[in-house]
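Structure first, commentary second.
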Amino acid sequence: MDAALAAARRGVRGANPLVGAAVLAPDGTIVTGHHRGAGTPHAEPDALAAARAAGIDLTASVVCVTLEPCTHHGRTGPCTDLLIEAGVPEVVVAVADPNPSAAGGCARLRDAGVTVRTGVRESEARALNARWLQAVGERRPYVTLKMAQSLDGRIAAADGTSQWITSPASRERVHTLRARVDAVVVGTGTAHADDPRLTARPASEAPGSNPVAVTRPDSGTQSNPHTQSVPDTQPGPATQPVPVTQPVPVAVGMRDLAPDSHLARDPRTVHLRTRDPLAALQTLRERGLEHVLVEGGAHLAGAFLRAGVVDELELHIAPMLLGDGLPGLADLGVSTLAEAIRWIPDDTPAGVSPVSSPDSHRGNPDTILRLRPAETPEPTQTPGATPTSVSFPAPEAAETPEPTQTPDPTPAPEPTKGR
Ligand SMILES: NC(=O)c1ccc[n+]([C@@H]2O[C@H](COP(=O)([O-])OP(=O)(O)OC[C@H]3O[C@@H](n4cnc5c(N)ncnc54)[C@H](OP(=O)(O)O)[C@@H]3O)[C@@H](O)[C@H]2O)c1
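Each step along the sequence shown adds one to the number in the UniProt record's numbering, with nothing skipped, and position 5 is 5.
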């Protein structure tokens, strides 16, 4: 399970959690697989393929998975069925899947005669996906907040100009991030100030030209009816209609959108007339949107942070000072140091390139920080929501021994550090 956990850390968080799997062969050889983000194969088929490639006899091996194998039909079929068909005699699981559409995998394996052990390294596996588990429990999408700001924390100059504070490389990264998520969310203030389109396209593109053909693979879990593949028929340099998979543009706030704005004219735009971040997110989740990117502005970002619904924070800091410009966050609700909302570095891959960090600029003058909440409070249960703390079905006593040391394990690969 240590090897499976290390493999999981090489994946990308978002609509789907970080999941790793390890196959332990009878001779002590361990091979691993991991899930690389929504739309890619799950960890189990990845590990089974690696084991087959290594010539490992799966009918005499133990498979360890950090999350209960799923029972639903995604890109590669239910992982439980793959394990059963492969003839794996024993499966060890760290955490139960709280997602109703995926749960029940352990019971299904047991029904098929597979020996199942659960709860092994559960706290580590739970910590790995604490915020994802919280989002599922709150019946809302996983939330990434991106902020582009100056060194002194401003997101616009005193006269309101804000395009562009960050570099083309950082903006290109934002468009790659947009292509990874199901929806891009702004407040009505930003909608009015910037008239954004919220599409995924190259940053170098001139205004008015076509979005790039960004196609996210089909979801590994369920299809998203709102992330549509639409023909790109807008005027621009493209000669052929290009299939484009774009995030759903979302505006949050009571004010009307300007009728001639890009968002108002986009038939896919969702305008949520609310000021309640959790309610807005739950509405988006009900529409099948599982990962959203919040792009500001100051009031909406402050509201989401204050509500504790930001799972991932990406800060793009440009080397400039804007003095009396617009602060990046408004009404955060912090009045004393003890109330500070603290963050820690997230060293799992973002699934995005190009990248930069304080120690590796790679041509980008901006500093990019990827952070996750320092403390994840115990998930609060929303009325009617699926509890996050999901326990496994009561197992047979003989099937739940204390976690044991794996015999002579191959050293687990190091988690990816930085980018
Ligand atoms: N550098 C960057 O990365 C970046 C990104 C985005 C924006 N910006 C800049 O930020 C500025 C706009 O910021 P902003 O703060 O004015 O606009 P904003 O945060 O985009 O929108 C504010 C509006 O959001 C709505 N809202 C929804 N829920 C809310 C809540 N819980 N609390 C408060 N408001 C809520 C309200 O609209 P209603 O009044 O309609 O209810 C409010 O007026 C622009 O200058 C833009 O260029 C910069």
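C-beta: ideal position from N, C-alpha, C; glycine also.
Residues near Arg126 in its chain [Cβ-Cβ closer than 6 Å; skip 5 each side]
Val95
With H, G and I counted as helix, E and B as strand and the rest as coil, what does DSSP make of Trp132?
helix
Output the boundary residues of the beta strand (DSSP E) element that contains Ala49.
No beta strand (DSSP E) contains Ala49, which is instead part of the alpha helix (DSSP H) from Ala43 to Ala53.
Give me the Cβ distance between Trp343 and Leu305, rounded to the nearest whole Å; I'm assuming they're in contact under 8 Å.
The Cβ separation is near 10 Å, so there is no contact.
Per DSSP, cross-strand counterpart(s) of Ala187
Reading off the sequence, residue 187 comes out as Gly, not Ala. DSSP lists Val252 as partners of Gly187.
What's the C-alpha gap between Val62 and Ala130?
26 Å
Let me check you understand the geometry: is the CB of Glu314 closer than 8 Å to at least one non-hydrogen atom of ligand 1?
no
Identified DSSP bridge partners for His72
DSSP output for His72 lists no bridge partner at all.
Run through DSSP, which three-state label would Leu300 get?
helix
I'd like the ranges of any alpha helix (DSSP H) spanning at least 4 consecutive residues and lying wholly in the region 61-110.
79-85
To the nearest angstrom, how far is it from the Cα of Leu177 to the Cα of Val92?
34 Å
Inspect the beta-carbon positions of Thr80 and Ala112 and report whether they are closer than 9 Å.
yes
In or out: Leu198 buried (at least 16 other Cβ within 10 Å) or exposed?
buried
Is it the case that the region 272-280 contacts the region 165-175, given that we only count it when at least three CB pairs across the two stretches are under 8 Å?
no
Taking just the CA atoms, how far does Ala21 sit from Val185?
34 Å
Would you kindly work out how many angstroms separate the C-alpha atoms of Arg173 and Leu315, rounded to a whole number?
12 Å
From Thr245 to Ala179, what does the alpha carbon distance come to, in whole angstroms?
8 Å
Count the other CB atoms within 10 Å of the CB of Asp46; is the residue buried (16 or more) or exposed (fewer)?
buried
Within the present structure, is the beta-carbon of Glu295 separated from the nearest heavy atom of ligand 1 by less than 8 Å?
yes
Cα separation between Leu293 and Glu375?
21 Å
Any heavy atom of ligand 1 nearer than 5 Å to the CB - residues listed
Ala148, Ile155, Ala156, Ser162, Gly187, Thr188, Gly189, Thr190, Ala193, Asp194, Val252, Gly253, Met254, Arg255, Arg275, Gly296, Gly297, Ala298, His299, Leu300 and Ala303
For Asp346, collect the residues of the same chain with a Cβ closer than 7 Å to its Cβ; drop the 5 residues on either side in sequence, then sort them by chain order.
Glu312, Arg370, Leu371 and Arg372
Helix, strand or coil: how does DSSP classify His192 here?
helix
Rounding to the nearest angstrom, what Cα-Cα distance links Ser170 and Ala251 in this structure?
23 Å
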